[in-house]
Structures are given as structure tokens and as C-alpha cells.
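Notes to accompany the following structure.
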Amino acid sequence: MPVASSSRRGRRLRREPSDVIEEDGPSQVQATLTEDIVEEDEEQEEQPRQVAVRGNGVRRMQREAEVEEQAEEDNELDLNPLANFGEQPLDKAQATRIGGIASDWNSIRTQIHGNSYALVRDVAASIAEFTDGEKGNKALLGIEDMMKGLVDTEHELLVHEETLNELHQKVARGESIIDITSLYEETVQRRIAEYRKKTTRQKYVKNDEYASFKQAIFEVQHPDTAMPPVSDFIPKEDGDDSDEDEDIQVGGVMQDYKCPLSLTILVDPLTSKTCGHSFSASAIRDYLGFKRMKCPTAGCNKEIALNDLEPNKELAKKAKDAARRERMRDNDDDDDDDEVVE
Numbered sequence: 015m016p017v018a019s020s021s022r023r024g025r026r027l028r029r030e031p032s033d034v035i036e037e038d039g040p041s042q043v044q045a046t047l048t049e050d051i052v053e054e055d056e057e058q059e060e061q062p063r064q065v066a067v068r069g070n071g072v073r074r075m076q077r078e079a080e081v082e083e084q085a086e087e088d089n090e091l092d093l094n095p096l097a098n099f100g101e102q103p104l105d106k107a108q109a110t111r112i113g114g115i116a117s118d119w120n121s122i123r124t125q126i127h128g129n130s131y132a133l134v135r136d137v138a139a140s141i142a143e144f145t146d147g148e149k150g151n152k153a154l155l156g157i158e159d160m161m162k163g164l165v166d167t168e169h170e171l172l173v174h175e176e177t178l179n180e181l182h183q184k185v186a187r188g189e190s191i192i193d194i195t196s197l198y199e200e201t202v203q204r205r206i207a208e209y210r211k212k213t214t215r216q217k218y219v220k221n222d223e224y225a226s227f228k229q230a231i232f233e234v235q236h237p238d239t240a241m242p243p244v245s246d247f248i249p250k251e252d253g254d255d256s257d258e259d260e261d262i263q264v265g266g267v268m269q270d271y272k273c274p275l276s277l278t279i280l281v282d283p284l285t286s287k288t289c290g291h292s293f294s295a296s297a298i299r300d301y302l303g304f305k306r307m308k309c310p311t312a313g314c315n316k317e318i319a320l321n322d323l324e325p326n327k328e329l330a331k332k333a334k335d336a337a338r339r340e341r342m343r344d345n346d347d348d349d350d351d352d353e354v355v356e
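Using this note's numbering, the first residue of the sequence shown is number 15, and each one after it goes up by one.
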């Protein structure tokens, strides 16, 4: 046997004895040589492959860091919609962009936030009707705080919208505004701070949504009674002027859910865009036909036609609730009469 060499390839390439060659055959020797060459090539390629893997990991980490950085920048833009305008003077082309941002705030306020009022009002009316005593009063106070929070939030949304509209008008007129971002932030913060300093009456007594909220509760608790001014529900605080309150009182109105034509509870009510009066759909259609006529509500001199009328879903719901409460009161009266007879 030959002496073994320190080199694997040298050992394998050295001529083997004829008896070994004959025993293993030429195919076996070729397979052995191929395996050894592949093993050596794999050892030589292993180190570059590890370096490449590490390189790919570094690049992936860099990409992730860039994505996170971009996300943080996007969040900053969301908090301040004018952050990307910089400190340079603005031209009229950019005024259009500012007007578009103001429209976005308006959509949030009217289409998204505005729908919350009806939900809170309906919940309050249900609590007033079905929950009595201290538990009911406590629940109503919690719902009222929620309503006040909605009014406060809408005011802040309106501050953003109005501030952007004012800036839009200034830029459109060609006024030079430098660092509009700071001006926007300072104006919004100042106006919100001024609102928060107001008393409870100053915030809510003239707000239509708050008045409607109180009206919904009062109708359930005091049917067939006109609601007093909203200021009667809000204690006076330091800073409230009594003379001013007299000028801005809202209340004293009793909602009538009866159709002036049929004299029954409104069914599928249609409301006039001309005068604001409402009627049961079938009754007003029979009354008008295809003509323009004087509004049938007592004291109204407006003329209306069918195309002046539109469905009033909110009033329809209120009318159904009023009809249900009236039936419940009638049933209670019948039960009381039966007890007296017995």
C-alpha cells in the first residue's frame, strides 16, 4: 500500500493497486473523486455565503428602520396637516391644498362626529323612560357628560376647520404668510384655550344639539308640557351675566307630533323645506295633489308643493316613540280604572 498523503486530493488521485481498482470498479473511483471535489468546494463557498447572509440581514434592518422613520413622519403630518408646507412663503396654488384640508375637517365634523348626537340622544330618552329613581338619574348624568363631551369635541374640530379656512383666504388674496405651520398651531391652541375658559352656560345654553338632548329627556318625563329654557337646567356660575342669559334663553317649546291635516300622530312624515312644517305623507299628498297651495299649518302663509317636501327619518322615529308612550299611558289609565271598579 502507498504511504498516505496529507492532501485529500493527492491521496485520492494517487494510483490505487490494481486489485482495489478491479474490486471497486471505475465507476466507484469516479464517484469518490466527485464527492471529495464537492466537499472541498462547499468548504470554500461556506464563508462567502455566511458573509452574504449577514449582509442581507443588515440591509433588511436598514429597510425596516427607514419604514419606521417614514411612519413617524406620517404621524407627525397627521397631527399637523400643514407640517410639510415648511417656512417658505405660500402661493395661490398651495391655497387650494389648504382649502382641501379644511374640507376634510368639515367632513369629519359633519359626517362622522355629527352622527353621534342622535345615538346619545336616543339612549338618554330610553333611560328616562325605562329607568326610574336614583339609578336612572345617575345614568342620565353620565349620558349628559357624554353629550357635553361631544359638543366640546365638535367645537375643537370647528376651530381647526375655521382656522384653515381663514389661512386659505389669506393665501388666496396674496397675503404673504411665512411659517404657516406655527401660525396654524398657535391659532388653534389659543382658540381652544379660550373655549375651555368659558362657563357651562356659555358653552352649552345656545347649542342646538344640547337643547335637543334636554328636550328628548323632558318629553319623556313631562309629556304634554312645554320645556323651560335650557338655562334653567344649568346652574349659574361666576362669569355668567343674568341679562345676557335672558337674551339667549332657548326653550318653552312643546314638540307636537300630530299632523295638522289628519290630527293624528305623524306617519311617514314629510317636512317642508320652505317653512319647516311636517305632515303625514298620505295626508299632505291628498291635500296638495299636483298644485302649489298655502301651507295647512295654522298661522303659516307660505306656499308649498310636493317638490318642497322631503322625508324626515328623525321625526318619524320621534313620532313612533311618542305614539308608543301615549299607548302605554292609556293602558295605565285603563288599569287604574279597573282597580277603581273592583
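Glycine included, every Cβ here is placed at the ideal spot set by N, Cα and C.
Given the structure is predicted, the values throughout are model-derived calculations rather than measurements.
The distance from the Cβ of Val244 to that of Tyr224 is about 7 Å, consistent with a contact at the 8 Å cut-off. Proximity to Ile191 across Gln203, Ala109, Asp238 peaks at Ala109, based on C-alpha coordinates. Around the beta carbon of Met307, fewer than 16 other beta carbons lie within 10 angstroms, which makes this residue exposed.
Taking each of Gly290, Asp322, Thr195, Ala336 in turn and checking the Cα distance to Cys314, the smallest one comes out for Gly290. Excluding the 5 residues flanking it on each side, Val234 has same chain C-beta neighbours closer than 6 Å at Ala139, Ala142, Glu143, in chain order. For Asp166 and Cys273, the gap between their C-alpha atoms comes out near 36 Å. Under the three-state reduction of DSSP, Glu148 is assigned to helix. For Glu328 and Glu189, the gap between their C-alpha atoms comes out near 45 Å.
Glu170 and Pro242 have their C-alpha atoms spaced approximately 29 Å apart. According to the DSSP secondary-structure assignment, Ile115 is paired through a beta bridge with no residue.
Comparing alpha carbon positions, the residue from Arg299, Gln269, Thr213 closest to Asn321 is Arg299. In the three-state DSSP reduction, Leu275 falls in the coil class, being neither helix nor strand. Assignment of beta-bridge partners to Ile318 by DSSP yields Met307.
At the C-beta level, Ser294 and Leu302 stay beyond 9 Å of one another. Rounded to the nearest angstrom, the Cβ distance from Ile112 to Val137 is 38 Å, too far for a contact under 8 Å.
Ser294 has Pro283 as its beta-bridge partners, per DSSP. In this chain, the alpha helix (DSSP H) harbouring Glu200 covers 194-210.
When secondary structure is reduced to three states using DSSP, Glu324 falls in the strand class. Taken through DSSP and simplified to helix, strand or coil, Lys220 comes out as coil. Ranked by Cα distance from Leu323, the first of Ser286, Ala330, Lys332 is Ser286. Burial check for Glu148: the Cβ neighbour count within 10 Å stays below 16, so the residue is exposed.
In the structure shown, His127 falls within a helical segment according to DSSP collapsed to helix, strand and coil. Relative to Ile231, the option among Ile122, Ala330, Asp146, Asp255 whose CA is nearest is Asp146. In the three-state reduction of the DSSP assignment, Ser226 falls in the helix class, which pools H, G and I.
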